[in-house]
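For the sequence shown, full-length UniProt numbering begins at 1 and goes up steadily by one.
Here the structure comes first, spelled out in structure tokens, and everything after it is commentary.
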Amino acid sequence: MESAPDMEKNMIQQGHVSSAEDLQQNFISPIVSDVLFPSIFGNLFELYKIKNSTRDQIFHERISVFSTITPLHIGVDPEFWLEETARGTLVDTEDPYYEAIELMRSLNNYHTARSKLELLVRTNQTIINIVQNHYSHEVMMGADQLLPLICYITAKANTPNMYSELAFLLDFTYESDMAGELGYT
């Protein structure tokens, strides 16, 4: 069996990583997080909720004001209102974006920064899929169209302790996760 220093040297020589720091950032830290965080997350996140309780409460109160908004209210392009939400008369389970709202509500069920980011990516992809399925064809959505819908989904989801969730993500997202689709989210 190869020693750790030899394994590190071989990975660098084979071009899998460019340095020991790269190895740590891209391979070791995420693996340790996947093993460690599920067992400590409950206690750790309790500390985040204590530290951010005032901000969580303010966020919750402010976003609750928007619980009855429709895409029309926040500047979503009319093409993405999807008739049902434009009327603003439906219960939550009938909202065409219901699946994305439910995904966002489940954020606190994930216990690593990476899994939370992956959920946010799935939420974004779900929004795009809902629009495309509505029109039965591919619809081009850029950030200018997607961001207001994300705001709409976030307001409708009113995820508990959202400020603490975001603080956790800021503290425990690895640099390697900030590249590509995860980082964009």
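Built from N, CA and C at the ideal position, the CB exists for glycine as well.
Put Asn133 into one of helix, strand or coil per three-state DSSP. helix
Mind checking which residues open and close the alpha helix (DSSP H) that includes Phe172? Met162 to Phe172
Segment contact, 8 Å Cβ cut-off, at least three pairs: the region 55–62 with the region 162–174: Remark: three or more beta-carbon pairs, one from each stretch, lie closer than 8 Å, so the region 55–62 and the region 162–174 are flagged as touching.
Same chain, Cβ closer than 7 Å to Asn108, neighbours up to 5 away in sequence not counted: Thr159, Pro160, Asn161 and Glu165
Rounded to whole angstroms, how far is the Cβ of Tyr97 from the Cβ of Ile63, which I believe are closer than 8 Å? Rounded, the Cβ-Cβ distance is 16 Å, inconsistent with contact.
Segment contact flag, the region 37–48 with the region 120–138, C-beta cutoff 8 Å, min 3 pairs: No contact exists between the region 37–48 and the region 120–138.
Considering only C-alpha positions, which residue in the set Lys49, Phe168, Gln145 and His60 is nearest to Leu72? Gln145
Please classify Ala155: does DSSP put it in a helix, a strand, or coil? helix
Classify Asn43: buried if its beta carbon has 16 or more other beta carbons within 10 angstroms, exposed otherwise. exposed
How many Å lie between Gly75 and Ala157 at the Cα? If I take the Cα positions, the gap works out to 18 Å.
DSSP-derived helix/strand/coil call for Met140: Met140: coil per DSSP, three-state reduction.
Just to confirm my understanding: we take Phe80, look at its own chain, exclude 5 residues before and 5 after, and list those with CB closer than 7 Å. What are they? Pro71, Val131, Gln145 and Leu149.
Whole angstroms is fine: what's the gap from Tyr48's alpha carbon to Asp171's? Between Tyr48 and Asp171, the alpha-carbon positions lie close to 11 Å from each other.
From Met104 to Cys151, what does the alpha carbon distance come to, in whole angstroms? Answer to the nearest angstrom: the Cα atoms are 11 Å apart.
From Ala113 to Glu102, what distance separates their C-alpha atoms? 19 Å
The alpha helix (DSSP H) enclosing Met104, as first and last residue numbers: Tyr98 to Arg105
Can you name, in chain order, every residue of its own chain whose Cβ lies under 7 Å from the Cβ of Thr89, other than the five neighbours on each side? Confidence is the limiting factor: at Thr89 the pLDDT is only 48, short of 50, which leaves the residue's position unreliable, though a coordinate-based value still follows. Here the set comprises nothing.
Using 10 angstroms around the beta-carbon of Lys51, count the other beta-carbons present and answer buried if the total reaches 16, otherwise exposed. By the 10 Å Cβ count, Lys51 comes out exposed.
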